[in-house]
Amino acid sequence: MTQALAARGIRHVAGVLLDVGMSSPQLEEPARGFSFMRDGPLDMRMDTTRGETAAEWLDRADEKEIREVIFRYGEERFAKQIAAAIVAARPVGTTRQLAEIVGRAVRTREPGQHPATRTFQALRIHVNQELEELEMTLPQAAALLEPGGRLAVVSFHSLEDRVVKSFIRARSTADTFPKGVPVRAADLPTPQLRAVGKAIRASDDEVRRNPRARSAVLRVAEKN
Ligand SMILES: C[S@@+](CC[C@H](N)C(=O)[O-])C[C@H]1O[C@@H](n2cnc3c(N)ncnc32)[C@H](O)[C@@H]1O
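Residue numbers (the working numbering): 5 to 228.
This is the structure in structure tokens:
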């Protein structure tokens with residue numbers, strides 16, 4: 005975003021809003037391969053002009069890599085069984101094939117949740133390097149803000165929110181000095197950001213109107 009704005013002669017902005025993750029149109033279009041509810045090619049790339057599809061990665065990655073991605077990005081406790089099942093069934097080319105493989109590998113189901121939810125989330129995050137992108141984006145957004153400017157981030161699962169939360173906390177905490185080093189409060193460097201309020205979640209009414217908002221978290225920080 006820094007280059008994109010610089011190309012427009014913009015060096016500072018009054019606000020940055022990030023609505024991260026996947027969009028509904030992406031989820032609903034079978035050809036994008038994001039959904040275990042719709043059969044389509046196992047693609048999952050947010051930018052289809054570059055990078056490896058989920059099917060291509062699953063075809064070349066070793067079982068350990070697949071297990072680690074599913075466990076780390078899906079927080080899936082059956083990651084070991086799922087990775088073994090995927091390797092045994094390769095090549096896996098479609099979303100339905102993957103959903104069925106995962107469905108057979110998952111021993112106990114979480115109420116109200118499709119057994120493939122966590123695996124699909126994990127592969128999507130991996131294929132799109134979503135957490136790495138977020139970690140690269142947040143410092144840029146903070147640097148682009150003018151004093152008093154605000155950063156607002158809407159995230160949709162705990163892994164994203166954790167990245168946002170720890171970034172805001174780190175940038176809104178004054179540097180600490182070794183114990184016993186006499187520093188006058190006035191000389192303490194002002195932190196770059198100030199967290200504005202607590203995390204904001206969707207109201208019951210909003211979740212009724214839009215169930216996809218149930219896991220959404222909005223965090224806001226202001227540039228000092
Ligand atoms: C949650 S959706 C945004 C939905 C939109 N705000 C709306 O209300 O319709 C997130 C969008 O960000 C895009 N995206 C994901 N990673 C991105 C990145 N690194 N840079 C730019 N866009 C990205 C996705 O392709 C997706 O369309």
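All residues carry an ideal CB built from backbone N, CA and C; glycine is no exception.
About 24 Å separates the CB atoms of P182 and N228; that is not less than 8 Å, and the two are not in contact.
For K227, the three-state secondary structure derived from DSSP is strand. In this structure, the beta-carbon distance from A225 to V200 falls below 8 Å.
Every residue whose beta carbon comes nearer than 5 Å to a heavy atom of ligand 1 appears here in chain order: D23, G25, S27, M50, E137. Considered as a whole, the stretch 30–63 harbours no complete run of any alpha helix (DSSP H) with no fewer than 4 residues. Annotated three-state conformation of A109 is helix, per DSSP.
Taking a contact to require three or more Cβ pairs closer than 8 Å, the stretch 200–210 and the stretch 129–145 do not qualify as touching. In the structure shown, P115 falls within a coil segment according to DSSP collapsed to helix, strand and coil. By the CB criterion at 8 Å, M48 and L127 fall inside the cutoff.
Cβ-Cβ distances below 8 Å link L197 to A146, L155, I172, R175, S176, A225, E226, K227, N228 in the same chain, with the five nearest sequence neighbours on each side left out; the list follows chain order. Between the C-alpha atoms of E80 and A190 there is a straight-line separation of about 48 Å. With at least 16 other beta carbons inside 10 angstroms of its own, H130 counts as buried. Straight across, the Cα-Cα distance linking E33 with D51 is about 14 Å.
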